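Student: Residue numbers for the sequence shown follow our numbering, so the first one is 851 and each next one is one higher.
One structure is given below, represented as structure tokens, and several questions about it will come after.
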Amino acid sequence: MAVRTPDPYPDGRPEDDEPPSYGPAWLSDIELEQIRHRIPILYVEAVPVHVDGIGRVIDLGLLLRGTPLGEITRTIVSGRVMYGETLREALFRHLEKDLGPMAFPQLPASPVPFMVAEYFPAPSETPFVDERQHAVSLAYVVPVTGTTEPRQDALELTWLTPTEAASDAVCSELEGGRGALVRAALASVGALP
């Protein structure tokens, strides 16, 4: 869940009467680090899919990303929910950020996720790990109908059949235990092989 918060002072510290350049929904790197060690952070995650004419999942999109340590991993669309932002707005913002403005995601009619995933900084009773923080993620399956063009820190978006996406080989490439989340996504829409 690599999320980069913008630097509120890109040109150094402001004068005392100058407000920070980020909005009230953003945190500085220092504030974010402090909060991550005190309370869980809320995220939304989206598993982008293509569906056929009767709504069956025909393939699933996984992002390929490089980590700060130089590793290449697979992941799904993911990001924090900002203060004052609805879940639908957060989902749309992260889908557009990761898949491009022409992806045309079809957001679910209900904000009820298929799964609530809880990430801990160390291995725990859940399969999900995020070394930076304790995070709670609401996960959704979101059909996309347009052209996807990965943006931000994604190297590519790979479309896989449900059988390929649920394979041990692919699930082991997913960061933070997200292989279990992808399998749960497929099961929630009746597409788990």
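Note that the Cβ used here is the ideal one computed from N, Cα and C, for glycine as well.
Values in this document were obtained by computation on a predicted structure and should not be read as measured data.
#1: Using the Cα positions of Ser-871 and Leu-877, report the straight-line distance between them to the nearest angstrom.
#2: In the structure shown, what three-state DSSP assignment does Leu-1042 receive?
#3: Does the beta carbon of Val-907 sit closer than 8 Å to a beta carbon anywhere in chain C?
#4: Applying the criterion that 16 or more other CB atoms from any shown protein chain within 10 Å of the CB defines a buried residue, is Thr-925 buried or exposed?
#5: So the alpha helix (DSSP H) Leu-937 belongs to, where does it begin and stop?
#6: Under the assumption that Glu-895 contacts Leu-1042 (Cβ atoms under 8 Å), give the Cβ distance between them as a whole number of angstroms.
#7: Are there three or more Cβ pairs, one per stretch, closer than 8 Å when the stretch 1007-1021 is compared with the stretch 900-912?
#8: Exposed or buried, His-887, counting other C-beta atoms within 10 Å across all chains shown (16 or more means buried)?
#9: Given that a residue counts as buried once 16 or more other Cβ atoms are within 10 Å of its Cβ, and exposed if not, what is Gln-884?
#10: Less than 7 Å between C-beta atoms, sequence neighbours within five positions excluded: which residues of the same chain meet that for Leu-1005?
#11: Judging by CA-CA distance, which residue of Pro-963, Pro-961, Asp-980 and Val-931 is the nearest neighbour of Phe-970?
#12: Can you grab the Cα-Cα spacing for the pair Asp-1045 / Pro-918, in whole Å?
#13: Assign Pro-898 to one of three DSSP states: helix, strand, or coil.
#14: Given this structure, state the Cα-to-Cα distance separating Arg-982 from Phe-954, to the nearest angstrom.
#15: Ordered along the chain, which non-local residues of its own chain (more than five positions away) have a Cβ less than 7 Å from that of Thr-995?
#16: Here's the rule I'm using: 16 or more other beta-carbon atoms within 10 Å means buried, otherwise exposed. How should Leu-1036 be labelled?
#17: To the nearest angstrom, report how far apart Val-966 and Ala-940 are at their CA atoms.
#18: Excluding the 5 residues flanking Ala-959 on each side, which residues of the same chain have their C-beta closer than 8 Å to its C-beta?
#19: For Gly-1026, collect the residues of the same chain with a Cβ closer than 7 Å to its Cβ; drop the 5 residues on either side in sequence, then sort them by chain order.
#20: Could you check if Gly-801 is buried or exposed, using at least 16 other CB atoms within 10 Å of its CB as the buried criterion?
Tutor: Quick answer:
#1: Per-residue confidence for Ser-871 stands at a pLDDT of 49, beneath the threshold of 50, marking its modelled position as unreliable; the derived number appears in the next sentence. For Ser-871 and Leu-877, the distance between alpha carbons rounds to 11 Å.
#2: coil
#3: The displayed structure is made up of one protein chain only, and chain C is not part of it.
#4: buried
#5: 937-949
#6: The pair is not a contact, with the Cβ atoms about 18 Å apart (cut-off 8 Å).
#7: yes
#8: exposed
#9: Classification for Gln-884: exposed.
#10: Leu-914, Arg-915 and Gly-916
#11: Asp-980
#12: For the chain, the structure presents residues 851 to 1043; residue 1045 sits outside this window and is missing.
#13: strand
#14: 31 Å
#15: Phe-954 and Gln-956
#16: Leu-1036 counts as buried, since at least 16 other C-beta atoms from the protein chains shown sit within 10 angstroms of its C-beta.
#17: 16 Å
#18: none
#19: Met-851, Tyr-969, Phe-978, Val-979 and Asp-980
#20: Outside the shown range of the chain, which is 851 to 1043, sits residue 801, and nothing can be said about it.
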